[in-house]
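The working numbering puts the first residue of the sequence shown at 10, with every later residue one more than the last. Backbone N, C-alpha and C define an ideal beta-carbon position, used for all residues, glycine too. What follows is a short report on a single structure.
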Amino acid sequence: MVLFFLSYIFLNPFTNIELIESVDSYHEEVYAIMRENPDSALAIADKALEIAETADYNWGIANSYYIKGYIMNMIQNKPVAGLLMYLKAGHVLENELDEKSVETYTSLMLNAGSILHVHGKNKEAIDLYEKALKKANLYHLENQEAKLLFNIAFASRDRGDLTRAVENIKSAIEQSEKLENWKLLNDSWNLLGMIMKDDERYSEAENCFLKIVNNPNTTPILKANAYNNLGDLYFSEEKFEEAASAYLQAGQYPTIPVIKFDSYLGLTNVYQQTGDLASALKYAGDAIHVYDSVVTEDRYLQVFNTMSQLYLKMGDQQMANHYSESYFEETQKFFQAQKELIKIKNEFQVDLLLAGFYTEIEIEATEEKYSNTLVFGITIFFAAILLVHLAYRRRMTSSREKIRRILNDYS
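Below you can see the structure in the form of structure tokens.
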């Protein structure tokens, strides 16, 4: 009986093939419907998670959380809720060292880190990226390594650590060139250029942006963006002719509204600065024409104020007043939108989530330690019983042997 109990503790197999197949099947069902019907997809993912936990199927548990995080973050625009799911999935895979788990773990940390970065939690984002980078090195997951290096550099720049940013972005450039990942390479040169500009190393920044426009594998959108960055760089150095040329070059490429807006706004600033009011007015009007197609930033609002000032200088008081009123209205709308955004993407909410998550992990670790101690204690207890039982049997066998000998001696 004792031997049976011990073998049950140590050898009981819980792998259930049917349950595992059911989890994987539910995941496939979620992939098929999550964009059209995210609420139903989340319900199915919850069912998959429940079965995966019953089957002690770690990959299924992690992937269920991953799917839930993706739906919340990318489809429902609930990044903080998505962050928690990514962190839970990552925690499940943290100690799994097979290649599939490591690759998924690095993707999870990229997603979670990006959300933290957007919320200004750059140190926390970098911590996740660096944990993932160590794991990616185990299997030489070069694409993942390059992405992680880029993101570490990006978050380091936003944190003000330009030295660390340069070190990592140069590694990302080297890796991207090796992999011929042209998009990441151009993004990396662009980020390095922005870092050099921040550090007032203008000639090095210029060289970075020129690398992009001279790369035959650069897409039109990336080239236009690089020309806009060159224009901003030249404008900051008061090289107005070169700035205008760069902004005009950006406008030669088929691109997206926000890049067009940046080109028009740049040209407006150049011509206003050089006193060409008619040209400044033309490009300010072009910028306002695409204004409704871009995600508003506070610096974009200035185009209405600029229009008001230009008309005032040209003696058109009525139009100056019109754009002054537009500037006030757009500013009010912008700050109202910011208030709404704060309700959704609130830094305290992220702090609270992180504190809750890591507290949960600590409690889980304590419970696991207690559980392991309990199991160890029970094992020792029954092992002791087994030893006593064996010793008792040996003693009884020995006693019977002695009695047999004594009887033999008397017979």
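Leaving out five residues on either side along the sequence, give the residues of the same chain with a beta carbon under 7 Å from the beta carbon of residue i.
i, result
"Ala134", "Gly122, Leu125, His126 and Ala164"
"Lys206", "Ala214 and Leu242"
"Lys140", "Met118"
"Tyr292", "Tyr273, Leu276, Thr277 and Tyr280"
"Tyr148", "Glu108 and Val111"
"Glu62", "Ile70"
"Glu334", "none"
"Ala427", "Residue coverage of the chain in this structure runs from 10 to 420, which leaves residue 427 outside it and unanswerable."
"Thr315", "Thr277, Gln281 and Ala293"
"Ile60", "Leu28, Ser31 and Val32"
Comparing C-alpha positions only, which one of the options sits nearest to residue i?
i, options, result
"Lys9", "Thr305, Leu286 and Glu334", "No answer is possible for residue 9: the residues shown for the chain start at 10 and end at 420."
"Glu30", "Ile42, Leu58 and Arg44", "Leu58"
"Arg44", "Gly69, Lys187, Ile60 and Gln85", "Gln85"
"Asn278", "Arg168, Glu247, Thr264 and Lys179", "Glu247"
"Asp167", "Asn131, Pro229 and Glu186", "Asn131"
"Ala364", "Ile70, Asn67, Leu93 and Ile80", "Leu93"
"Gln358", "Ser116, Asn46 and Gly129", "Gly129"
"Phe218", "Tyr211, Ile204 and Asn199", "Asn199"
"Leu150", "Asp107, Lys192 and Pro229", "Asp107"
"Phe297", "Gly284, Thr283, Gln282 and Ser317", "Checking the displayed sequence, the identity of residue 297 turns out to be Ile instead of Phe. It is Ser317."
"Glu251", "Ser73, Lys187 and Asn237", "Asn237"
"Glu38", "Ile76, Leu239, Asp170 and Gly240", "Ile76"
"Trp191", "Ala155, Glu176 and Glu209", "Ala155"
"His8", "Phe343, Asn146, Ala71 and Ser245", "As displayed, the chain neither begins before 10 nor continues past 420, which places residue 8 out of reach and without an answer."
"Asp208", "Ala98, Pro266 and Thr172", "Thr172"
"Asp55", "Tyr66, Asn46, Trp68 and Tyr35", "Tyr35"
"Tyr332", "Phe313, Gln341, Gly324 and Thr340", "Phe313"
"Lys342", "Val304, Leu193 and Gly324", "Val304"
"Gln258", "Gln282, Pro266, Pro229 and Asn67", "Pro229"
"Ile80", "Ile60, Asn46, Asp325 and Thr315", "Asn46"
"Leu2", "Gln326, Asp136 and Asn67", "There is simply no residue 2 to check, as the chain begins at 10 and stops at 420 in what is shown."
"Ser302", "Asp325, Phe270, Gln326 and Gln282", "Phe270"
For residue i, which residues of its own chain have a beta-carbon under 8 Å away from its beta-carbon, when the five flanking residues on both sides are left out?
i, result
"Tyr138", "Met118, Leu119, Gly122, Leu157, Asn160, Ile161 and Ala164"
"Ser49", "Ile42"
"Glu338", "none"
"Phe249", "Tyr243, Val279, Gln282 and Thr283"
Within the same chain, show all residues whose beta-carbon is closer than 6 Å to that of residue i, passing over the 5 residues directly before and after it, in chain order.
i, result
"Leu142", "Leu157"
"Gly260", "Ser272"
"Thr227", "Asn195 and Ile221"
"Tyr280", "Ser288 and Ala289"
"Asn82", "Pro88 and Gly91"
"Ile178", "Ala162, Ser197, Leu200 and Leu201"
"Asn234", "Ile268"
"Ala329", "Ser317, Tyr320 and Leu321"
"Gly240", "Ala252, Ala255, Tyr256 and Gly275"
"Phe13", "Reliability fails at Phe13, whose pLDDT of 45 lies under 50, so the model's placement of it is uncertain and the value that follows must be treated cautiously. Nothing listed; no residue qualifies."
Take the Cβ of residue i as the centre, count every other Cβ of all protein chains shown within 10 Å, and call the residue buried at 16 or more, exposed below.
i, result
"Asn195", "buried"
"Lys232", "buried"
"Asp295", "buried"
"Gln184", "buried"
"Gln153", "buried"
"Gln311", "buried"
"Glu223", "Checking the sequence shown, residue 223 turns out to be Asn, not Glu. Exposed."
"Ala52", "exposed"
"Pro437", "Lying outside 10 to 420, the shown extent of the chain, residue 437 is not represented and no answer is given."
"Ser197", "buried"
"Val175", "buried"
"Ile412", "Bear in mind that a pLDDT of 44 at Ile412, under 50, signals an unreliable position, so the model cannot answer this."
"Phe344", "exposed"
"Thr429", "Given that the chain is displayed from residue 10 to residue 420, the structure contains no residue 429 and the question cannot be resolved."
"Lys144", "buried"
"Leu361", "exposed"
"Ser73", "buried"
"Ser245", "exposed"
"Tyr40", "exposed"
"Ala181", "buried"
"Gly78", "buried"
Just reading off the alpha helix (DSSP H) that residue i is part of, what are its end residues?
i, result
"Met118", "Glu108 to Val127"
"His100", "Pro88 to Leu102"
"Asn237", "Pro229 to Ser245"
"Pro225", "It is not in any alpha helix (DSSP H) - Pro225 carries neither H nor E in the DSSP assignment."
"Glu5", "Residue 5 is absent from the structure shown; the chain starts at 10 and stops at 420."
"Met316", "Gln311 to Lys322"
"Asn131", "Asn131 to Leu147"
"Pro263", "Per DSSP, Pro263 belongs to no alpha helix (DSSP H) and is neither H nor E."
"Thr172", "Leu171 to Leu188"
"Ile67", "It is worth fixing the name first, because residue 67 is Asn in this sequence and not Ile. From DSSP, the alpha helix (DSSP H) with Asn67 extends over Asn67 to Tyr79."
"Gly294", "Leu286 to Tyr300"
Can residue i be considered in contact with the ligand SAH, in the sense that its beta carbon sits closer than 7 Å to one or more heavy atoms?
i, result
"Ile297", "As presented, the structure is devoid of all ligands, the ligand SAH included, so that no description of it is given."
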